[in-house]
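See below for the structure under consideration.
Chains as they are written, first to last, in our numbering: chain V, -16 to 370; chain P, 3 to 332.
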């Protein structure tokens, strides 16, 4: 499938703020594509550029091969679901959904049938006569979806549509959105700051920060091989260790020199050379923890550690341990819980280990992400980096 | 559920709805358990409400209700030749109003007022819209510009118009120089001059309520309408105007009612062809010294003012009621 919605070198500035900075992005037809990033990263501006509410200072926007830059919102075959839903308060649910078709001057009977079909899709046929302020949050959201979909847009834009809902409802709507995407088969461009939403729904994700795209890829790709320190830190949790490449005994793995932690091995996917400074990132759930010293195996990194904090989270436990002077977080999944098991406690000595394949190296590190580094001078109970 | 939601939005309704059933039960039991009633917190609050609104009610009663009733009563009394009120009762004064000359003036009063109101609304909606959309800094400045004319006496401003429109005045001379009007055309002393000055006078009163409504309006709704294919004109008409309907209604009443009773403006710039009911009433009082006649005219005017007001209030109540009923429907 070829690119369908395309941003080509797009920039947008609001006063002193460079909201979007020379972004190029291609979204395929039928894809569920997410823009993920912290607030103020420019993701909503990207959406508004696609909808036509903003015009780029530089660059072009293409839809299905046609240059739509400069077209007003009503001339674009693109519809938006707003974070606030923006349902028309003076109209009933039925009139809200019918709005696009009424504006398009479609025959009355056709409008009625189409609206009925949509009400069926969102399972709200019995609520058609209500006004928006008589609906619950989830219902409003569904009406907003129906109102946008009835115009059969080429692309549906969703601006944090679940942000106003509580957790359980959000999970339900997540499944519903996914089902709707499967049913209607149109392209979704989804903007969110919630990585769980983006991960669970998307075919591909673009992680944005500071008006730029940090990385584009499938959810697993973004999580398992982040290209930048920002992506590694923003998606999920991770430990960063600063060092340099010491030697590369074979083509696949190299030995790292990290102060206080000798002989750490890591898979060398970026063909780095000895002497190069690197940042090693290891996700906490990839690290094993136990009282017993693990068996020695090639490509297994293991370290003695002292438990500093234990945070029981039900399905797993989060440990903060000190190893080689670094404070490292470790997740342990509770596959089976033994009542007579002697749990790891504060100040216990233990071993942590991970396979060389499970860490990944970043060759550069942004200054802004420095406070994400696992730095040594901390004692128990002391806040991280003096924050 | 709809009812609960409504409570959160409209404290006025919720208060009424919340208190009514309670009050009913306490009233119903008042014969059996009178002492319980005395300490009923709702009754207590009602008493407090009465006490606090007593000064206002007294004022309104003395200076609005009593004079209005007097005007209605005098309308049915005969006049005496000395400018006073004679004894007995008569319907002749009321009957005498039904003459072509009065009907013409009543008709003129109505259309001048309506035209003024419509022009004011047409001008005020874009003004209110753009003030509401202006940046914080500009919003204050623009509002200030709307309010500044109030710092000059109303009478002085109308006199200023008189000199502007005068045959030797600035506007007339300028239009003449541009060749837009002939030397024979008079700008002053006709209904057009009345409408012009009335629009000038009432425009700020229209802009302010419309601005207040537009300022509260959620402009994302306009974006949503544009997104769904509406042109900017369609979005304006179908989403923005209904969204500020309350402001429009207030603006309508605030202009139309005083316009019906206006006296100074037609008196100063209207001339005989621009006379309105207000001028006739003044003539009956000051020139003819016929108080019953003036009262009869005033009574008609009061009824004419009250009729649209009552109609609007009734419509609003009906709309509210049907909203509540719909909210309760499962």
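Beta carbons are placed, not taken as given, at the ideal position from N, Cα and C, and that holds for glycine.
Give every residue of the same chain whose Cβ lies closer than 7 Å to the Cβ of residue i, excluding the five residues on either side of it in the sequence, and list them in chain order.
i             : result
residue 25/P  : Note that residue 25/P has pLDDT 43, beneath the 50 cutoff, so the model's placement of it is unreliable and the number below is only indicative. The answer, listed in chain order, is 44.
residue 231/V : 237, 251 and 257
residue 316/P : none
residue -3/V  : none
residue 76/P  : 87, 293, 294 and 297
residue -6/V  : 3, 4, 5, 39, 40, 41 and 42
residue 319/P : none
residue 390/P : Residue 390/P cannot be examined here, being either before or after the span of chain P that is shown, 3 to 332.
residue 68/V  : 123, 124 and 127
residue 282/P : 107 and 299
Closest to residue i by CA distance: which of the options is it?
i             : options                       : result
residue 27/V  : 328/V, -11/V and 66/V         : 66/V
residue 72/P  : 300/P, 53/P and 188/P         : 300/P
residue 4/V   : 241/V, 42/V, 341/V and -12/V  : 42/V
residue 221/P : 55/P, 277/P, 242/P and 104/P  : 242/P
residue 80/V  : 61/V, 91/V and 132/V          : 132/V
residue 342/V : 94/V, 259/V, 282/V and 40/V   : 282/V
residue 235/P : 63/P, 128/P, 94/P and 47/P    : 128/P
residue 70/V  : 53/V, 119/V, 93/V and 108/V   : 119/V
residue 271/V : 243/V, 333/V and 46/V         : 333/V
residue 291/P : 84/P, 138/P, 163/P and 169/P  : 84/P
residue 268/V : 296/V, 261/V and 301/V        : 301/V
residue 345/V : 13/V, 304/V, 10/V and 208/V   : 208/V
residue 110/P : 151/P, 172/P, 193/P and 126/P : 193/P
residue 279/P : 105/P, 64/P and 68/P          : 105/P
residue 1/V   : -8/V, 25/V, -9/V and 16/V     : 25/V
residue 313/V : 294/V, 326/V and 319/V        : 294/V
residue 227/V : 255/V, 212/V and 234/V        : 255/V
residue 32/V  : 48/V, 212/V and 53/V          : 53/V
residue 185/V : 11/V, 195/V and -8/V          : 11/V
residue 244/P : 269/P, 210/P and 215/P        : 215/P
residue 231/P : 296/V, 211/V, 15/V and 36/V   : 36/V
residue 55/V  : 176/P, 151/P, 47/P and 233/P  : 233/P
Quick one: residues in its chain with C-beta nearer than 8 Å to the C-beta of residue i, no 5 flanking neighbours on either side, listed in chain order?
i             : result
residue 143/P : none
residue 90/P  : 79 and 80
residue 72/V  : 114, 115 and 116
residue 197/P : 114, 117, 118 and 121
residue 49/P  : none
residue 331/V : 274, 289 and 290
Between which two residues does the beta strand (DSSP E) harbouring residue i extend?
i             : result
residue 189/P : Element bounds for residue 189/P: n/a, residue is neither H nor E.
residue 288/V : 283 to 295
residue 342/V : 342 to 345
residue 333/V : 332 to 338
residue 247/V : 244 to 250
residue 300/V : 299 to 306
Among the residues of its own chain, which have a CB less than 6 Å from the CB of residue i, if the five just before and after it don't count?
i             : result
residue 122/P : 201, 204, 205, 208 and 257
residue 51/V  : 44 and 59
residue 134/V : 62 and 83
residue 237/P : 224, 227 and 228
residue 314/P : none
residue 38/P  : With a pLDDT of 47 at residue 38/P, under the threshold of 50, the predicted position of this residue should be treated as unreliable, though the coordinate-derived value follows. Answer for residue 38/P: no residue qualifies.
residue -11/V : 9 and 45
residue 276/V : 334
Along the chain, where does the alpha helix (DSSP H) containing residue i start, and where does it finish?
i             : result
residue 257/P : 247 to 262
residue 237/V : That residue, residue 237/V, is in no alpha helix (DSSP H); its beta strand (DSSP E) goes 236 to 241.
residue 312/V : Premise fails: residue 312/V lies in the beta strand (DSSP E), 309 to 316, not in any alpha helix (DSSP H).
residue 103/P : 102 to 135
residue 263/V : Segment 260 to 265 is the beta strand (DSSP E) holding residue 263/V; no alpha helix (DSSP H) there.
residue -5/V  : Careful: residue -5/V lies outside any alpha helix (DSSP H), inside the beta strand (DSSP E) at -14 to -3.
residue 142/P : 138 to 149
residue 96/P  : 94 to 98
residue 232/P : It is not in any alpha helix (DSSP H) - residue 232/P carries neither H nor E in the DSSP assignment.
residue 280/P : 279 to 288
residue 175/P : 172 to 179
Start-end ranges of the beta strand (DSSP E) lying completely within the region 83 to 152 of chain V, minimum 3 residues: 138 to 142
Those runs of the beta strand (DSSP E) which lie wholly inside the region 176 to 225 of chain V and span at least 3 residues: Secondary structure within the region 176 to 225 of chain V: the beta strand (DSSP E) runs of 3 or more consecutive residues, fully enclosed, are 187 to 192 and 195 to 200 (chain order).
Given 8 Å, three or more beta-carbon pairs between the region 187 to 205 of chain V and the region 11 to 27 of chain V: yes
The region 108 to 124 of chain V touching the region 260 to 276 of chain P, judged by at least three CB pairs closer than 8 Å: no
Complete runs of the beta strand (DSSP E) confined to the region 2 to 85 of chain V [at least 3 residues]: For the region 2 to 85 of chain V, whole beta strand (DSSP E) runs of length 3 or above, ordered along the chain, are 15 to 19, 41 to 46 and 61 to 64.
Contact between the region 130 to 145 of chain P and the region 182 to 193 of chain P (3+ Cβ pairs under 8 Å): no
Segment contact flag, the region 169 to 185 of chain V with the region 133 to 147 of chain V, C-beta cutoff 8 Å, min 3 pairs: Cβ pair count under 8 Å is three or more, so yes.
Contact between the region 172 to 179 of chain V and the region 142 to 155 of chain V (3+ Cβ pairs under 8 Å): Touching, yes.
contact_flag[the region 244 to 256 of chain P, the region 151 to 168 of chain P] where n(CB pairs < 8 Å) is 3 or more: no
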